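Working notes for the structure below.
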Amino acid sequence: MMDKNEVVIIPSLTLLIVGIENKKELADVLINGIKNMTAFVAVNSAMFKDINKILEENADDVFEFIKKWREVYINVINFKGKFAFKEWLFKFPIHLFHKTKKEVAERTSKLIKEKREAQHKHLY
């Protein structure tokens with residue numbers, strides 16, 4: 071069903087449509103039906119805490135997956151928007167993730183400071 075180098079992403083809306091009593095069944099189908107599952111992303115919400123826990127136990131970390139591959143292609147299935155049934159290259163900005171925690175903290179601090187200064191100037 072899936073290539074071993076794929077990430078499965080189920081949108082929040084899909085999970086919301088699935089009834090509360092069916093969430094574990096959805097996780098079971100994904101885990102048992104997709105033997106080569108590398109990673110799975112579900113909505114990050116308390117409502118789906120249990121299903122995310124099940125999926126996390128049965129899948130690799132998404133970021134680790136992305137770091138392994140130079141090219142990540144997105145294949146949209148059952149999407150009725152502009153990119154329906156079209157595969158395109160997703161240029162993941164991996165260079166942004168090769169920084170130390172200190173560098174990330176400094177960058178975040180700088181962005182917050184700049185935003186506050188801009189708001190302050192706007193008020194006066």
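This note's numbering applies: residue 71 is where the sequence shown begins, and numbers increase by one.
Glycine included, each C-beta is placed from N, C-alpha and C at the ideal position.
No experiment lies behind these values; they were computed from the predicted model shown.
Measure the C-alpha to C-alpha separation of residue i and residue j and round it to an integer number of angstroms.
i: Ile-121; j: Glu-127; result: 10 Å
i: His-190; j: Glu-184; result: 10 Å
i: Ala-188; j: Arg-177; result: 17 Å
i: Phe-153; j: Lys-180; result: Here the model assigns Phe-153 a pLDDT of 48, short of 50, so the residue's position is not dependable, and the following value carries that caveat. Cα to Cα, the separation comes out at about 36 Å.
i: Ile-182; j: Ala-175; result: 11 Å
i: Arg-186; j: Glu-95; result: 47 Å
i: Ile-124; j: Asp-98; result: 9 Å
i: Glu-173; j: Lys-119; result: 31 Å
Using a Cβ-Cβ cut-off of 9 Å, state whether residue i counts as contacting chain B.
i: Lys-172; result: Among the protein chains of the structure shown there is no chain B, as only one such chain exists.
Please classify residue i: does DSSP put it in a helix, a strand, or coil?
i: Ala-175; result: helix
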